[in-house]
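Peer 1:
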Amino acid sequence: TIPESVTYGGISYPVTSIGDWAFSDCSGLTSVTIPNSVTSISDGSFSACSGLTSVTISNSVTSIGDWAFSDCSGLTSIKVESGNSVYDSRENCNAIIKTATNTLITGCKNTIIPNSVTSIGIGAFYGCLGLTSVTIPNSVTSIRDRAFGSCSGLTSIKVESGNSVYDSRENCNAIIETATNTLISGCKNTIIPNSVTSIGYMAFSDCSGLTSVTIPNSVTSIGAFAFIECSGLTSVNIPNSVTSIGDFAFGHCSGLTSVTIGNSVTSIGNSAFYNCSRLTSVNIPNSVTSIGDEAFWGCSGLTSVTIGNSVTSIGNKAFYDCRGLTSVTIPNSVTSIGDEAFWGCSGLTSVTIGNSVTSIGNYAFKYCDGLKSVTIPNSVTSISDGSFSACSGLTSVTIPNSVTSIGDEAFWGCSGLTSVTIGNSVTSIGDWAFGNCTGLTRIDAYPNPEKVGTGVDAFDGVPKDGTLHVLPKYLSAYQTASQWCEFTNIKDDLTEIGDINLDGKVDVTDVTTLVNMILNGETANLELADINADGKVNVSDVTALVNIILS
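Here it is as structure tokens:
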């Protein structure tokens, strides 16, 4: 019971409004008394009050917001008191109608839409689980978004003949916008006519009773949220006529096990198959050019995916947490792999990255701990933050000469990594880039002649014993407990000589290189190894070797 007034600090204040979402989700609320002092019921005030069975709007209420009583699945009776200047419940219709515009703004399972109604408002019947049938009179010329959304109990939908805007042609059990041939609302018994060209926004949303659907060849687009949360849907065939699949079109279809995507589809929308956990395989045809963000997020049952050779971009989190996926080939057409695109694909053992990819997104393959090896193509210019972090199964990696930067945590926690080769174009290595790579024993680095910037603790956790083989072009000091690795200028000629030890000294094993260095007076950092020239000369003393060369 909402009071007419409240007292605070000795002053009495009238209650005139019920705020946005004030009682939202109060599932235990069974009845409410709204006093005459209240003039406004705001957006979503009683949304999702599933225990609410009846509501009476007093004649003082002059404003009711969107979704005020949406998703009140238990509502059986709605009444507006006579004398209300803005709203009415004409003909005992069990609904709230805005008198001036003849717009039905809230209905329930017992609503009968009067012939005088011209418009059905946003979410008017949203979440009305008990609604089993609906008849749209020929007076209705406007049906707003989600008017019948999440009405999972609907078995019959009919538009009266003579309606100038909508129809239910061929007894299809659906509402079709006549001029555009767009199916805007369907139910579990809908049969989509061959004349329909588009399946509209949220047309079958939360239709849990829908177990199968045939999409005819006339359909060219499937709108956003069209089949979201159709948990009973097990398979779907998207015909060749369809060119686009909207955002969340099949999101949360938890029962979906198979899908066929026609060869005219050019784009798969964001989250199009989000959390379709039972989907086992998908073939993305050559017609597709983009895979949207989170398109297959949470498809944990997905074991195989074929990506067509026209795809140019894989969106952020496109295959996030697809832990059943074992292998993937990214075709040469792809130029970018989005952030966290394959994050958590723990079953992934191999990945082939096409030779047009220029960027690998942040944390793109993080936690792909089953990944044993990866080849980074020469097209890649940067390895982003955390791209391969926590890939504990990765044993070796070669960073090509095209790469100029290695981001923060790029290979952090790759405990199985034993060797890494860094190309000669790298100018920066980010914080913790190889941090906690506890198995790393060999770093072959050929960086830029200028000082290469290295982030804080770039090699922290890498063993610092004599087994580490470091072969850089300009590496004079290796990571210690208190400082990070720095690249400094020694000499270009060190490119093809032997090991640089942890003390910064160079074991020279190439005669030609050594000769040039001696003639240039550059012997400060040299420690000679045995040099076998045609099997005849073993020189272990710098002075002796210099004399031999000069003579």
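Residue numbers (my numbering): -6 to 544.
Glycine is no exception: its CB is placed at the ideal position from the N, C-alpha and C atoms.
Based on Cα-Cα distance, which residue from N164, I169 and S211 lies nearest to N187?
Peer 2: Residue 187 sits at position 194 when you count from the first residue of the sequence shown. Out of N164, I169 and S211, S211 has the C-alpha closest to the C-alpha of N187.
Peer 1: What residue range is occupied by the uninterrupted beta strand (DSSP E) comprising Y6?
Peer 2: Your numbering for residue 6 matches position 13 in the sequence shown. Unbroken beta strand (DSSP E) run through Y6: I4 to P7.
Peer 1: Output yes or no for whether 8 Å exceeds the beta carbon distance between I436 and V419.
Peer 2: Reading the sequence shown from its first residue, position 443 is the one you call residue 436. Reading the sequence shown from its first residue, position 426 is the one you call residue 419. Their beta carbons are not under 8 Å apart, which means I436 does not touch V419 by this criterion.
Peer 1: In the DSSP assignment, find the beta strand (DSSP E) that holds I177 and state where it starts and stops.
Peer 2: Residue numbering aside, residue 177 sits at position 184 when the sequence shown is read from its first letter. T175 to G179 is the extent of the beta strand (DSSP E) around I177.
Peer 1: Answer with buried or exposed for I376, where buried requires no fewer than 16 other C-beta atoms within 10 angstroms of its C-beta.
Peer 2: Taking the sequence shown and counting its residues from 1, one reaches residue 376 at position 383. So I376 counts as buried.
Peer 1: In whole angstroms, give me the CA-to-CA distance for T296 and C315.
Peer 2: Within the sequence shown, residue 296 is the residue found at index 303, counting from 1. Within the sequence shown, residue 315 is the residue found at index 322, counting from 1. Taking the straight line from one Cα to the other gives about 8 Å.
Peer 1: Taking all protein chains shown into account, decide if T96 is buried (16 or more other Cβ within 10 angstroms of its Cβ) or exposed.
Peer 2: Along the sequence shown, one-based indexing puts residue 96 at 103. The residue in question, T96, is buried, as its Cβ has 16 or more Cβ neighbours within 10 Å.
Peer 1: With burial defined as no fewer than 16 other Cβ atoms inside 10 Å of the residue's Cβ, what is the status of E287: buried or exposed?
Peer 2: By 1-based counting over the sequence shown, the position of residue 287 is 294. Buried is the call here.
Peer 1: Which term fits N276, buried or exposed, when burial requires 16 or more other beta carbons within 10 angstroms of its beta carbon?
Peer 2: Residue 276 sits at position 283 when you count from the first residue of the sequence shown. By the 10 Å Cβ count, N276 comes out exposed.
Peer 1: Does DSSP put N276 in a helix, a strand or coil?
Peer 2: Here the question's residue 276 lines up with position 283 in the sequence shown. Strand.
Peer 1: Leaving aside the five residues before and after D59 along the sequence, list all residues of the same chain whose C-beta is less than 6 Å from its C-beta, in chain order.
Peer 2: Counting from one through the sequence shown, the residue named residue 59 turns up at place 66. Contacts found: D36 and I115.
Peer 1: Please give the ranges of any beta strand (DSSP E) in the segment 103 to 163, keeping only runs that are unbroken, at least 3 residues long and fully inside the region.
Peer 2: Complete beta strand (DSSP E) runs here, min 3: 126 to 129 and 149 to 152.
Peer 1: If you reduce the DSSP assignment to three classes, tell me which class R435 lands in.
Peer 2: Stepping through the sequence shown from its first residue, residue 435 is reached at position 442. Strand at R435.
Peer 1: For E84, does the three-state DSSP call read helix, strand or coil?
Peer 2: As a working note, residue 84 is residue 91 in the sequence shown. Three-state DSSP puts E84 in a helix.
Peer 1: Kindly indicate which residue of P278, T273 and C246 has the alpha-carbon position closest to the one of I261.
Peer 2: Looking up residue 261 in the sequence shown gives position 268. Checked all of P278, T273 and C246; the closest Cα to I261 is P278.
Peer 1: Three Cβ pairs or more, each shorter than 8 Å: is that satisfied between the segment 22 to 30 and the segment 75 to 87?
Peer 2: Counting Cβ pairs under 8 Å, fewer than three are found: no touch.
Peer 1: K72 lies in the beta strand (DSSP E); which residues open and close that run?
Peer 2: Residue numbering aside, residue 72 sits at position 79 when the sequence shown is read from its first letter. Where K72 is concerned, the enclosing beta strand (DSSP E) stretches over S70 to V73.
Peer 1: Of the choices T173, T148 and S145, whose alpha-carbon is the least far from that of V158?
Peer 2: Numbered from 1 along the sequence shown, position 165 holds the residue referred to as residue 158. Looking at the Cα atoms, T173 is the closest of the given residues.
Peer 1: What is the rounded straight-line gap between the Cα of N233 and the Cα of G301?
Peer 2: Mapped onto the sequence shown, residue 233 falls at position 240. Mapped onto the sequence shown, residue 301 falls at position 308. Spanning the two alpha carbons is a distance of roughly 15 Å.
Peer 1: Excluding the five sequence neighbours on either side, which residues of its own chain have a C-beta within less than 8 Å of the C-beta of V189, listed in chain order?
Peer 2: Walking along the sequence shown from the start, residue 189 turns up at place 196. So the list reads I169, N174, T175, L176, P209, S211 and V212, once near-sequence residues are dropped.
Peer 1: Roughly how far, in whole angstroms, is the beta-carbon of S145 from the beta-carbon of L122, given that I think they are within contact range, below 8 Å?
Peer 2: If you number the sequence shown from 1, residue 145 lands on position 152. If you number the sequence shown from 1, residue 122 lands on position 129. With 8 Å as the limit, S145 and L122 qualify as a contact, their Cβ atoms being about 6 Å apart.
Peer 1: What three-state label does DSSP hand T94 in the structure shown?
Peer 2: By one-based count along the sequence shown, residue 94 stands at place 101. If DSSP states are grouped into helix, strand and coil, T94 belongs with coil.
Peer 1: Buried or exposed, going by whether 16 or more other CB atoms sit within 10 Å of the CB of V(-1)?
Peer 2: Indexing the sequence shown from 1 puts residue -1 at position 6. When all chains shown are included, V(-1) counts as exposed.
Peer 1: Just confirm the distance between the C-beta atoms of G406 and S385, as a whole number of angstroms; I'd bet it's less than 8 Å.
Peer 2: Position 413 of the sequence shown, counted from the start, is the residue given in the question as residue 406. Position 392 of the sequence shown, counted from the start, is the residue given in the question as residue 385. About 7 Å separates the two Cβ atoms, so the contact holds.
Peer 1: Is the distance from the Cβ of S66 to the Cβ of S40 below 8 Å?
Peer 2: As a working note, residue 66 is residue 73 in the sequence shown. As a working note, residue 40 is residue 47 in the sequence shown. Not in contact: S66 and S40 (Cβ atoms no closer than 8 Å).
Peer 1: Starting from the Cα of S109, find the closest Cα among K102, T134 and S320 and give me that residue.
Peer 2: As a position in the sequence shown, residue 109 is number 116, starting the count at 1. If we check each option's Cα against that of S109, T134 comes out closest.
Peer 1: Check for me: the beta strand (DSSP E) holding N230 runs from which residue to which?
Peer 2: Taking the first residue of the sequence shown as position 1, residue 230 is located at position 237. Looking at the DSSP string, the run of the beta strand (DSSP E) that includes N230 is S228 to I231.
Peer 1: What does the Cβ neighbour count give for N164, buried or exposed, with the cut at 16 atoms within 10 Å?
Peer 2: Stepping through the sequence shown from its first residue, residue 164 is reached at position 171. Exposed, because fewer than 16 other Cβ atoms sit within 10 Å of the Cβ of N164.
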